[in-house]
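Q: One structure coming up, written as structure tokens, with questions to follow.
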Amino acid sequence: MNIQVKDLYKNFGDFQAIKGVDFSIEEGKLVGLLGPSGGGKTSILRMLAGLEEPSSGQVILNGKVANGLTVQEREIGFVFQNYALFKHMTVFENVAYGLKVKKVDKARIKQRVEELLELMGLAQTINKYPHQLSGGQKQRVAFARALAPKPKLLLLDEPFAAIDAKVRKDLRLWLRNVISEFGITTIFVTHDQDEAIEVADELLIINSGKVEQQGTPWDIYHRPASRFVAEFLGNSNQLISPVTLKGFEILQKYQDGQEWKENSSVFIRPEWIEIRPLDVSYQKNAGETAEVTHVHFRGDAWYIELQLADLKLFTSLSINAPRYQVGDQVNLLIHKLSIFSDVGNEIAGNSLLNVSLSYHI
Amino acid sequence: MRKLLISATWFLFILIIIFPISFIVTGAFEEGWSGFIEALTRPEALHAMKISLYIVVVVTIFNVGLGILFSLELVRGNWLARWVKPVINAIIDLPFAVSPVIGGFMIILLYGPETVLGIFFASFGVDIVFALPGMILATMFVTFPFVVREVVPVLEEIGEDVEEASRTLGASKWRTFRQVTWPSIQWPVVYGAVLTIARSLGEFGAVLVVSGNIINQTQTVTTLVYQDADYFNVVGANSLALILCLISIVTLLVLDGLKRRQEVLRSEHSSEGSV
Ligand SMILES: Nc1ncnc2c1ncn2[C@@H]1O[C@H](COP(=O)(O)OP(=O)(O)OP(=O)(O)O)[C@@H](O)[C@H]1O
Ligand SMILES: [Mg+2]
Chain A
0 MNIQVKDLYK NFGDFQAIKG VDFSIEEGKL VGLLGPSGGG KTSILRMLAG LEEPSSGQVI
60 LNGKVANGLT VQEREIGFVF QNYALFKHMT VFENVAYGLK VKKVDKARIK QRVEELLELM
120 GLAQTINKYP HQLSGGQKQR VAFARALAPK PKLLLLDEPF AAIDAKVRKD LRLWLRNVIS
180 EFGITTIFVT HDQDEAIEVA DELLIINSGK VEQQGTPWDI YHRPASRFVA EFLGNSNQLI
240 SPVTLKGFEI LQKYQDGQEW KENSSVFIRP EWIEIRPLDV SYQKNAGETA EVTHVHFRGD
300 AWYIELQLAD LKLFTSLSIN APRYQVGDQV NLLIHKLSIF SDVGNEIAGN SLLNVSLSYH
360 I
Chain B
0 MRKLLISATW FLFILIIIFP ISFIVTGAFE EGWSGFIEAL TRPEALHAMK ISLYIVVVVT
60 IFNVGLGILF SLELVRGNWL ARWVKPVINA IIDLPFAVSP VIGGFMIILL YGPETVLGIF
120 FASFGVDIVF ALPGMILATM FVTFPFVVRE VVPVLEEIGE DVEEASRTLG ASKWRTFRQV
180 TWPSIQWPVV YGAVLTIARS LGEFGAVLVV SGNIINQTQT VTTLVYQDAD YFNVVGANSL
240 ALILCLISIV TLLVLDGLKR RQEVLRSEHS SEGSV
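Quick note, the sequences are listed as chains A and B, same order.
Residue 0 is where the first sequence starts when you use numbering that gives the first Met the number 0, and the numbers rise one by one after that.
Residue 0 is where the second sequence starts when you use numbering that gives the first Met the number 0, and the numbers rise one by one after that.
Shown next, in the form of structure tokens:
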């Protein structure tokens, strides 16, 4: 299903929850709505489903304005955060519900439900009641129930929020596969950026009732359109006060005495920072000497804090890389940094890195 | 000390429950079985039973139906402004707070033969006050909170999600109510209905005021007991009182059974993941 949202507003009493949202989503895409709590993700999803009436603006589904359509007419599957299973019905009856409503004949219902439950790995639970299921199983029943009537669009509100970290990781990959198998257009809400980046074809970053950015996870991560996105997605070093960094003369442009010019922010992603031994020979001059102040084991990587003159930076290092100790002097190379300001946003590369080798022997 | 407390409890129990009941029983059978049967089968007793039955049936049907609708609107209705709900919530308890006699007077003041409403209904040949409709209204007023008070908390607890889920699966409002909402509220509704029955049967003050207690016309079993006692008809009063008493005991047992059933259901649902 193609989705288009035009100039959508939603007020709850005096409170403006959604303030002019525009986006469009192509058929077959798996889209993540990501943003901080209270940003309006659930409200947008509910307006798409018809569970909430927009205060103004249009929801266009497959080219037709859907504002006047009832929930039932939209044929949109919705998976609620707390699953909202029918507790007095068995797993079979839960999944069959939407099909019974559609008056599908009994044999077909049985076949389809069993097929779905098989696919979900729930064949054993077919006659159980929701209170007899684990969180992950309930989640999958809710998912099967939403898929059973073959909706044209699937909406998932924080589908994994109540599931513990390990199961969650398996479940989201599984979900991704199932969805791509069905080829159904899907929008899911999440707080968790790893989840969003891992699962979604496309992300919509939602903040205080507005869309901050839409794009592929790669694009958004590497080319954030606003300060908010840069801050929100991934952990970044944010430079609080102006510094001069070797190779980044451009920073001068954004400085004003002891302050960044109004509304300027500078971010350095941890993966843009390279730690090299002090006696490195390759492009040594592009880096600066810094001291390791903190080393912390993170399971799959080292988390390292460094002091570069007045500046505190953090980065991470593969556990296979050479080890550094607290107090070690290292050559710190900053590849890029991103700057957001009123006059425009840019990602600046280290100017010294581009000079030819012969320049500094 | 403990012993003293136990004996005090027994003393009270005997004083306020066993003693009156045995008094009613001896009173009822003062003239033996035949006296008891005769007291119950007097024309005015039979008529009073019929009136009481009418009231109980009509009031229960209306209050269950209205109670469910009212609860649904109160909890789910989004046309009600936020601040209105607590106010309505408080008003529902009004019949608990004011004396039933005052409830009765309100009906007389509203629907009495000289009022606008009274004249309006009289033009259709319907008398409200000093007739069955008024008695039904008075009893409805007194018993309205029972169903609502049972159903509202359950609706709040189950939340709107399951109903919304049902709608996204294409189910109509009515189907959603029948298959999703009703199974959750059916026992609270029955519980509220049983309380309504018990109270409608026993209601005295409001009905006495509204009915005028006209023998063979607007007399209920309860008001007949009052009249019998007034006229020193010991056997008559006690026989009817005994019947009311027995019905109350049965009602209480039914309530207890329902409560237990609800607790079993609830504990089943709260023992998540234990299987
Ligand atoms: N029914 C409602 N009445 C009043 N305010 C509401 C209602 N629903 C949502 N809001 C408000 O609208 C804003 C957006 O809410 P919404 O639930 O859409 O946020 P969200 O992005 O889904 O947040 P979360 O990640 O915490 O679920 C919030 O400030 C919330 O308080
Ligand atoms: Mg939400």
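Cβ coordinates follow ideal geometry from the N, Cα and C atoms, glycine included.
Bear in mind that the values here come from a model prediction, so they are computed numbers and not experimental data.
Contact defined as beta carbons within less than 8 Å: I believe residue 178 of chain A pairs with residue 30 of chain A. What is the distance between those atoms, to the nearest angstrom?
A: To locate residue 178 of chain A, count along the first sequence from 1; it is residue 179. To locate residue 30 of chain A, count along the first sequence from 1; it is residue 31. The pair is not a contact, with the Cβ atoms about 11 Å apart (cut-off 8 Å).
Q: To be precise: take each residue of the region 100-133 of chain A, compare its Cβ to all Cβ atoms of chain B, and keep it if any distance is under 9 Å. Which residues remain?
A: For the region 100-133 of chain A, which is checked against every Cβ of chain B, the residues closer than 9 Å are 100, 101, 127, 128, 129, 130, 131, 132 and 133.
Q: Look up residue 185 of chain A in the DSSP assignment and give the residues it is bridged to.
A: Residue mapping note: residue 185 of chain A aligns to position 186 of the first sequence, counting from 1. Looking at the DSSP assignment, residue 185 of chain A forms a beta bridge with A/29 and A/153.
Q: Three or more beta-carbon pairs under 8 Å between the region 216-223 of chain A and the region 198-207 of chain A, yes or no?
A: In short, these stretches touch, since the Cβ pair count reaches three.
Q: Which bits of chain A does residue 257 of chain B rub up against, with CB to CB less than 7 Å?
A: Against the second sequence, residue 257 of chain B aligns to sequence position 258. Ordered by position in chain A, no residue passes the 7 Å Cβ test against residue 257 of chain B, which lies about 17 Å from the chain.
Q: Anyone know if the C-beta pair for residue 95 of chain A and residue 167 of chain B falls short of 8 Å?
A: If you number the first sequence from 1, residue 95 of chain A lands on position 96. If you number the second sequence from 1, residue 167 of chain B lands on position 168. Their beta carbons are not under 8 Å apart, which means residue 95 of chain A does not touch residue 167 of chain B by this criterion.
Q: Check distances from the C-beta atoms of the region 54-84 of chain B to those of chain A and list, in chain order, the residues that come in under 7 Å.
A: Listed by position, the residues of the region 54-84 of chain B near chain A (Cβ gap below 7 Å) amount to none.
Q: Name the chain B residues whose beta carbon is nearer than 7 Å to that of residue 241 of chain A?
A: Here residue 241 of chain A refers to the residue found at position 242 when the first sequence is read from its first residue. Within 7 Å Cβ-Cβ: nothing; residue 241 of chain A doesn't reach chain B, min ~48 Å.
Q: If residue 143 of chain B sits next to residue 62 of chain B, beta carbons under 8 Å apart, how far is it from one beta carbon to the other, in whole angstroms?
A: Position 144 of the second sequence holds residue 143 of chain B. Position 63 of the second sequence holds residue 62 of chain B. About 6 Å; that satisfies the 8 Å criterion.
Q: Hey, is residue 231 of chain A close to ligand 1, as in C-beta under 7 Å from one of its heavy atoms?
A: Position 232 of the first sequence, counted from the start, is the residue given in the question as residue 231 of chain A. No.
Q: So the candidates are A/286, A/139 and A/167; which of them puts its Cα closest to the Cα of residue 271 of chain A?
A: The sequence position of residue 271 of chain A within the first sequence is 272, counting from 1. Of the candidates A/286, A/139 and A/167, the one whose C-alpha sits nearest the C-alpha of residue 271 of chain A is A/286.
Q: Any C-beta of chain B within less than 9 Å: which residues of the region 52-79 of chain A qualify?
A: Residues passing the 9 Å Cβ filter: 69, 70, 71, 72, 73, 74, 75, 76, 77, 78 and 79.
Q: Let me check understanding here. Comparing Cα to Cα, which of A/254, A/247 and A/312 lies closest to residue 368 of chain A?
A: In the structure as shown, chain A starts at 0 and stops at 360, and residue 368 of chain A therefore has no counterpart that could be examined.
Q: What residue from A/101, A/75, A/225 and A/142 has the CA that sits closest to residue 117 of chain A's CA?
A: By 1-based counting over the first sequence, the position of residue 117 of chain A is 118. Residue A/142 is the option with its Cα nearest to residue 117 of chain A.
Q: What's the gap between the Cα of residue 67 of chain A and the Cα of residue 139 of chain B?
A: Along the first sequence, read from residue 1 onward, the residue named residue 67 of chain A stands at position 68. Along the second sequence, read from residue 1 onward, the residue named residue 139 of chain B stands at position 140. Roughly 40 Å separates the two Cα atoms.
Q: For residue 97 of chain A and chain B, any beta-carbon pair shorter than 8 Å?
A: Here residue 97 of chain A corresponds to residue number 98 of the first sequence, with the count starting at 1. With 8 Å as the cut-off, residue 97 of chain A counts as an interface residue toward chain B.
Q: Counting only the same chain and skipping the five closest in sequence on each side, list residues whose C-beta sits under 8 Å from that of residue 79 of chain A.
A: Locating residue 79 of chain A in the first sequence gives position 80, where the first residue counts as 1. Cβ within range, chain order: 141 and 156.
Q: Thinking residue 315 of chain A and residue 303 of chain A are a contact (beta carbons under 8 Å), I'd like their distance in whole angstroms, please.
A: Reading the first sequence from its first residue, position 316 is the one you call residue 315 of chain A. Reading the first sequence from its first residue, position 304 is the one you call residue 303 of chain A. Correct: roughly 7 Å between the Cβ atoms.
Q: Going by the C-beta, is residue 40 of chain A closer than 7 Å to any heavy atom of ligand 2?
A: By one-based count along the first sequence, residue 40 of chain A stands at place 41. True, at least one ligand heavy atom lies under 7 Å from that Cβ.
Q: Starting from residue 96 of chain A and walking both ways along the beta strand (DSSP E), at which residues does that stretch end?
A: Residue numbering aside, residue 96 of chain A sits at position 97 when the first sequence is read from its first letter. Residue 96 of chain A -> not in any beta strand (DSSP E); alpha helix (DSSP H) instead, spanning 90-100.
Q: In whole angstroms, give me the CA-to-CA distance for residue 306 of chain A and residue 273 of chain A.
A: Looking up residue 306 of chain A in the first sequence gives position 307. Looking up residue 273 of chain A in the first sequence gives position 274. If you take the alpha carbons of residue 306 of chain A and residue 273 of chain A, they lie about 14 Å apart.
Q: How is residue 206 of chain A classed by DSSP in three states: helix, strand or coil?
A: On the first sequence, residue 206 of chain A is found 207 positions in, with the first residue counted as 1. Residue state, collapsed to three classes: strand.
Q: DSSP on residue 100 of chain B, reduced to helix/strand/coil?
A: Counting from one through the second sequence, the residue named residue 100 of chain B turns up at place 101. Three-state DSSP puts residue 100 of chain B in a helix.
Q: Which residues mark the beginning and the end of the beta strand (DSSP E) in which residue 236 of chain A is found?
A: Within the first sequence, numbered from 1, the residue matching residue 236 of chain A stands at position 237. Counting along the chain, the beta strand (DSSP E) containing residue 236 of chain A begins and ends at 236-238.
Q: Leaving aside the five residues before and after residue 271 of chain B along the sequence, list all residues of the same chain whose C-beta is less than 7 Å from its C-beta, in chain order.
A: Start at 1 with the first residue of the second sequence, and residue 271 of chain B comes out as number 272. Low confidence applies here, because residue 271 of chain B scores a pLDDT of 42, under 50, leaving its location unreliable; read the following figure in that light. Once the five neighbours on either side are set aside, residue 271 of chain B has no close Cβ partner at all.
Q: Please give the ranges of any alpha helix (DSSP H) in the region 24-59 of chain B, keeping only runs that are unbroken, at least 4 residues long and fully inside the region.
A: Taking only runs of at least 4 residues, the alpha helix (DSSP H) segments lying wholly in the region 24-59 of chain B are 31-40.
Q: Name the chain A residues whose beta carbon is nearer than 8 Å to that of residue 174 of chain B?
A: Here residue 174 of chain B refers to the residue found at position 175 of the second sequence. The answer, in chain order, is 100.
Q: So with Cβ pairs under 8 Å, would you call residue 14 of chain A a contact of chain B?
A: In the first sequence, the residue the question calls residue 14 of chain A occupies position 15. So, not an interface residue.
Q: Is it a yes or a no for the region 154-163 of chain B touching the region 77-97 of chain B, going by three-plus beta-carbon pairs under 8 Å?
A: The answer is no - the region 77-97 of chain B does not touch the region 154-163 of chain B, with fewer than three Cβ pairs under 8 Å.
Q: So, is residue 138 of chain A buried or exposed, given that buried needs 16 or more other C-beta atoms within 10 angstroms?
A: Position 139 of the first sequence, counted from the first residue, corresponds to residue 138 of chain A. Answer is buried; the Cβ neighbour count reaches 16.
Q: Who pairs with residue 251 of chain A in a beta bridge, going by DSSP?
A: By 1-based counting over the first sequence, the position of residue 251 of chain A is 252. Its beta-bridge partners do not exist; DSSP assigns none.
Q: Any heavy atom of ligand 1 closer than 7 Å to the Cβ of residue 79 of chain A?
A: Walking along the first sequence from the start, residue 79 of chain A turns up at place 80. Checking the Cβ of residue 79 of chain A against ligand 1 gives no.
Q: Look at the Cβ atom of residue 137 of chain B, then the Cβ atom of residue 102 of chain B, and state whether they are nearer than 8 Å.
A: To locate residue 137 of chain B, count along the second sequence from 1; it is residue 138. To locate residue 102 of chain B, count along the second sequence from 1; it is residue 103. In this structure, residue 102 of chain B lies closer than 8 Å to residue 137 of chain B by Cβ.
Q: Can you give the Cα-Cα distance for residue 183 of chain A and residue 262 of chain A, rounded to whole angstroms?
A: Here residue 183 of chain A refers to the residue found at position 184 when the first sequence is read from its first residue. Here residue 262 of chain A refers to the residue found at position 263 when the first sequence is read from its first residue. Using only the alpha carbons, I get a separation of about 42 Å.
Q: Does the Cβ of residue 76 of chain B lie closer than 7 Å to at least one heavy atom of ligand 1?
A: Taking the second sequence and counting its residues from 1, the one referred to as residue 76 of chain B is at position 77. No, the beta carbon of residue 76 of chain B sits no closer than 7 Å to any heavy atom of ligand 1.
Q: If you count every other CB in all the chains shown that lies within 10 Å of the CB of residue 281 of chain A, and 16 or more means buried, which is it?
A: Residue 281 of chain A sits at position 282 when you count from the first residue of the first sequence. By the 10 Å Cβ count, residue 281 of chain A comes out exposed.
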